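2 protein chains.
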Amino acid sequence: MERAFQAQIERPDSPSRFVVVCEHASNFFPEPWGNLGLTPEQQVAHIAWDPGALPVARALAGLLDAPFVHAPISRLIYDLNRPPNAASAMPARSEVHDIPGNSVIDATERLNRTRAVYVPFHQDLSRLIAERLAGGIAPVLVTMHTFTPIFHGQPRAVEVGLIHDSDPDFTHCVAEAAQAQSHYQVQVNEPYSAQDGVTHMLAMHATPYGLPHVMVEIRNDLVATADTQKQAAEWLASALTAALGLYDSRKGHDSCPSS
Amino acid sequence: MERAFQAQIERPDSPSRFVVVCEHASNFFPEPWGNLGLTPEQQVAHIAWDPGALPVARALAGLLDAPFVHAPISRLIYDLNRPPNAASAMPARSEVHDIPGNSVIDATERLNRTRAVYVPFHQDLSRLIAERLAGGIAPVLVTMHTFTPIFHGQPRAVEVGLIHDSDPDFTHCVAEAAQAQSHYQVQVNEPYSAQDGVTHMLAMHATPYGLPHVMVEIRNDLVATADTQKQAAEWLASALTAALGLYDSRKGHDSCPSS
Chain A
90 MERAFQAQIE
100 RPDSPSRFVV
110 VCEHASNFFP
120 EPWGNLGLTP
130 EQQVAHIAWD
140 PGALPVARAL
150 AGLLDAPFVH
160 APISRLIYDL
170 NRPPNAASAM
180 PARSEVHDIP
190 GNSVIDATER
200 LNRTRAVYVP
210 FHQDLSRLIA
220 ERLAGGIAPV
230 LVTMHTFTPI
240 FHGQPRAVEV
250 GLIHDSDPDF
260 THCVAEAAQA
270 QSHYQVQVNE
280 PYSAQDGVTH
290 MLAMHATPYG
300 LPHVMVEIRN
310 DLVATADTQK
320 QAAEWLASAL
330 TAALGLYDSR
340 KGHDSCPSS
Chain B
90 MERAFQAQIE
100 RPDSPSRFVV
110 VCEHASNFFP
120 EPWGNLGLTP
130 EQQVAHIAWD
140 PGALPVARAL
150 AGLLDAPFVH
160 APISRLIYDL
170 NRPPNAASAM
180 PARSEVHDIP
190 GNSVIDATER
200 LNRTRAVYVP
210 FHQDLSRLIA
220 ERLAGGIAPV
230 LVTMHTFTPI
240 FHGQPRAVEV
250 GLIHDSDPDF
260 THCVAEAAQA
270 QSHYQVQVNE
280 PYSAQDGVTH
290 MLAMHATPYG
300 LPHVMVEIRN
310 DLVATADTQK
320 QAAEWLASAL
330 TAALGLYDSR
340 KGHDSCPSS
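As given, the protein sequences belong to chains A and B, one line each in that order. According to the working numbering, the stretch in the first sequence is residues 90 to 348, in order. According to the working numbering, the stretch in the second sequence is residues 90 to 348, in order.
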């Protein structure tokens with residue numbers, strides 16, 4: 090039996106409706122893959138994980154008293170926000186960097202990584218959501234990402250992106266609440282959107298149940314220190330709480346979506 | 090640790106693109122729930138399972154040399170085609186029948202059944218699909234159901250219904266191929282459709298990956314004998330194979346959908 094890298098779950102029994110997820114939380118490179126031939130600098134760069142996302146997401150989940158589900162290993166070994174048939178799940182190149190350990194991924198290796206990383210993480214997350222639905226809690230999925238300020242040599246002006254899968258409603262409520270607080274420059278479906286294949290986790294876990302959801306993308310230079318991470322988490326906790334109030338009042342319900 | 094009722098999986102390693110599923114295959118009423126207070130007649134009626142669906146689906150999967158994933162216990166204990174927050178997952182009443190053992194389902198019992206039946210089945214099915222995607226096979230999901238000829242006293246004229254989740258393309262190809270063979274009277278999204286909440290399995294396992302899919306509903310009086318079950322399976326195998334040819338030629342691909 091090969092190793093299985095389970096999801097890291099904090100506060101699983103919290104009664105909060107929010108569930109905070111961070112698929113790109115980790116730059117851990119465990120055996121049997123090791124560092125994939127990357128330099129130390131590459132192992133701490135945005136290609137390996139989303140810098141700042143873990144501390145912001147952890148603080149946010151704490152402020153919301155919400156379950157927090159995060160990745161145990163680097164996205165370059167398996168990107169948990171991509172399906173097993175996507176080349177970008179185990180990319181041979183990321184932005185301007187070749188990934189030596191991913192230059193040749195045959196079917197056996199693709200299957201091995203899928204079994205070891207993708208399947209256990211998504212099973213753990215789907216169990217958590219199913220159990221909450223059964224227990225009468227309608228989850229609100231919030232996934233926390235950061236993006237690089239310079240991509241392929243081009244600076245990105247957007248500070249915070251709010252991205253949705255097929256149902257935009259909750260994300261629009263977050264944008265409305267966030268813009269009212271005017272702390273960051275916020276845009277919906279920037280710097281990319283579901284059409285770029287970046288909402289796989291939401292498509293797997295929110296959309297089939299009709300759950301309100303948002304993918305939060307913060308430019309990583311804005312969450313590079315403990316102080317700015319704390320500020321971002323506080324701003325987000327406030328915006329998300331206000332957004333859920335807006336969403337519920339407009340939907341006319343505050344309990345489980347029924348089927 | 091409570092019991093877990095795993096999915097029944099036949100032919101898991103077949104290289105076929107088709108994956109045949111049957112969520113309402115079984116009228117087994119195991120402990121700790123037992124027969125839920127149902128009469129012997131009710132335990133073999135359409136409320137307990139889809140009569141005829143298991144033999145047709147098994148024969149179909151055999152003809153297609155496809156993996157076959159089916160439910161281990163009655164839909165009245167847990168309906169695997171419904172989410173854990175749906176009242177219809179553990180219905181207190183089904184068509185004109187009260188279900189005594191489901192008259193009061195508290196949060197603990199809902200959670201117990203979700204953990205024992207829903208979570209293991211969907212984890213097994215999702216693992217099978219993820220592994221096939223990793224292995225370079227783009228699955229085509231076919232779920233086999235039957236419906237009762239008389240519902241709430243009204244006869245149903247439709248013989249075969251073909252129902253899709255959000256992407257209608259493959260289902261329309263099946264309808265085109267099926268109607269060319271004119272063996273049954275076939276209609277799309279009859280006797281019900283995704284809007285009735287009957288496509289949960291497809292929403293969980295096909296739609297997030299953009300997989301071609303169809304839910305086949307055959308009126309159960311047409312598959313009441315071994316002979317008619319065999320005929321239905323042969324007709325379906327032929328129609329589905331032709332439909333996949335149509336679908337691939339129109340999509341311009343015959344391998345995995347890429348992301």
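Even for Gly, the Cβ is constructed at its ideal location relative to N, Cα and C. Values in this document were obtained by computation on a predicted structure and should not be read as measured data.
> residue 293 of chain B CB to nearest chain A CB: under 7 Å?
Replying inline: Yes, its Cβ sits closer than 7 Å to a Cβ of chain A.
> Which residues in chain A sit within 9 Å of residue 204 of chain B, going by Cβ to Cβ distance?
Replying inline: Contacts between residue 204 of chain B and chain A, judged by CB atoms closer than 9 Å, involve 216, 219, 220, 223 in chain order.
> Span of the alpha helix (DSSP H) holding residue 268 of chain A?
Replying inline: Residue range 258-270 is occupied by the alpha helix (DSSP H) that includes residue 268 of chain A.
> Would you say residue 169 of chain B faces chain A, with C-beta separation under 7 Å as the test?
Replying inline: Output row for residue 169 of chain B: interface = no.
> Along the chain, which unbroken stretches of the alpha helix (DSSP H) at least 4 residues long are found entirely within the segment 288-335 of chain B?
Replying inline: List check, alpha helix (DSSP H) in window: 289-294.
>> Going by DSSP in three states, residue 211 of chain B sits in which element: helix, strand or coil?
In response: In the structure shown, residue 211 of chain B sits in a helix (DSSP, three-state: H, G or I).
> Near residue 253 of chain A, what residues of its chain come up, given a Cβ to Cβ distance below 6 Å and the 5 sequence neighbours on each side ignored?
Replying inline: Correct list, in chain order: 260.
>> Below 8 Å, how does it come out for the segment 189-196 of chain A and the segment 123-138 of chain A: are there three or more Cβ pairs, yes or no?
In response: Taking 8 Å as the limit for Cβ pairs, the verdict is that the segment 123-138 of chain A does touch the segment 189-196 of chain A.
> With 7 Å set as the bound, which would you pick, yes or no: does the beta-carbon of residue 199 of chain A sit closer than that to a beta-carbon of chain B?
Replying inline: It does: the Cβ of residue 199 of chain A has a partner Cβ on chain B nearer than 7 Å.
> What residue does the alpha helix (DSSP H) around residue 152 of chain B start on, and which one ends it?
Replying inline: Residues 142-153.
>> By the three-class DSSP mapping on this structure, what secondary structure does residue 238 of chain A have?
In response: In the structure shown, residue 238 of chain A sits in coil (DSSP, three-state: anything other than H, G, I, E or B).
> Cα-Cα, which of A:324, A:304, A:302 is closest to residue 312 of chain A?
Replying inline: Here the closest residue by C-alpha is A:324.
> When we look at the beta-carbon of residue 226 of chain A and count the other beta-carbons within 10 Å, is it buried (16 or more) or exposed?
Replying inline: Residue 226 of chain A should be labelled buried.
>> Since residue 218 of chain B and residue 294 of chain B should fall inside the 8 Å C-beta cutoff, what is the C-beta to C-beta distance between them, to a whole number of angstroms?
In response: Residue 294 of chain B and residue 218 of chain B do touch by the CB rule: their CB atoms are close to 6 Å apart, below 8 Å.
> What residues of chain A sit near residue 207 of chain B, judged by a beta carbon separation below 9 Å?
Replying inline: Within chain A, the residues placing a beta-carbon under 9 Å from that of residue 207 of chain B are 219, 223, ordered along the chain.
> How is the alpha helix (DSSP H) around residue 133 of chain B delimited, first residue to last?
Replying inline: 129-133 is the extent of the alpha helix (DSSP H) around residue 133 of chain B.
>> Taking DSSP's pairing of strands, which residues face residue 232 of chain B in a bridge?
In response: DSSP, once it has assigned bridges, lists B:110, B:304 as partnering residue 232 of chain B.
> Which partner residues does residue 244 of chain A have in the DSSP bridge list?
Replying inline: Beta-bridge pairing links residue 244 of chain A to A:239.
> In terms of DSSP beta bridges, what is residue 373 of chain A paired with?
Replying inline: Residue 373 of chain A lies beyond the range of chain A shown here (90 to 348); nothing can be said about it.
> Would you call the segment 197-205 of chain A and the segment 227-244 of chain A in contact, with 3 or more CB pairs under 8 Å?
Replying inline: Contact between the segment 197-205 of chain A and the segment 227-244 of chain A is absent, with fewer than three C-beta pairs closer than 8 Å.
> Which class does residue 177 of chain A belong to by DSSP, given the choice of helix, strand or coil?
Replying inline: Residue 177 of chain A falls in the helix class under three-state DSSP.
> Any chance the segment 147-156 of chain B sits against the segment 173-188 of chain B, with 3 or more Cβ pairs inside 8 Å?
Replying inline: The segment 147-156 of chain B, when compared against the segment 173-188 of chain B, does not touch it at the 8 Å Cβ threshold.
> Excluding the five sequence neighbours on either side, which residues of its own chain have a C-beta within less than 7 Å of the C-beta of residue 336 of chain B, listed in chain order?
Replying inline: Only 258, 259, 262, 301 meet the Cβ criterion.
> Among A:174, A:143, A:280, which one has its Cα closest to the Cα of residue 162 of chain A?
Replying inline: Between residue 162 of chain A and the set A:174, A:143, A:280, the nearest pair of CA atoms involves A:143.
> Nearest CA to the CA of residue 292 of chain B: which residue from A:296, A:290, A:119?
Replying inline: The shortest C-alpha to C-alpha distance from residue 292 of chain B to any of A:296, A:290, A:119 is the one to A:296.
>> Run through chain A and tell me which residues come within less than 8 Å of residue 211 of chain B, C-beta to C-beta.
In response: Here the neighbours are 215, 219.
> For residue 99 of chain B, which of helix, strand or coil comes out of DSSP?
Replying inline: Here residue 99 of chain B sits in strand by DSSP.
> Where residue 267 of chain A and residue 287 of chain B are concerned, what is the direct C-alpha to C-alpha distance, given to the nearest angstrom?
Replying inline: Those two C-alpha atoms are separated by around 37 Å.
> If the cut is a Cβ gap below 7 Å, which residues of chain B does residue 196 of chain A touch?
Replying inline: Those are 224, 225, listed as they occur along chain B.
> Do you know whose CA, among A:119, A:264, A:332, A:102, lies nearest residue 167 of chain A's CA?
Replying inline: Ranking A:119, A:264, A:332, A:102 by Cα distance to residue 167 of chain A puts A:119 first.
> Between B:265, B:233, B:223, which lies nearest to residue 150 of chain B when the distance is taken from Cα to Cα?
Replying inline: Distances from the alpha-carbon of residue 150 of chain B to those of B:265, B:233, B:223 put B:233 closest.
> Among A:333, A:278, A:269, A:338, which one has its Cα closest to the Cα of residue 229 of chain A?
Replying inline: Minimum Cα distance to residue 229 of chain A is reached at A:333.
> Using the beta-carbon count (16 or more within 10 Å), is residue 139 of chain A buried or exposed?
Replying inline: With 16 or more other Cβ atoms within 10 Å, it is buried.
> How many Å lie between residue 94 of chain B and residue 250 of chain B at the Cα?
Replying inline: Rounded to the nearest angstrom, the two C-alpha atoms are 29 Å apart.
> If you follow the beta strand (DSSP E) that residue 251 of chain B is part of, which residue opens it and which one closes it?
Replying inline: Start and end: 249-252.
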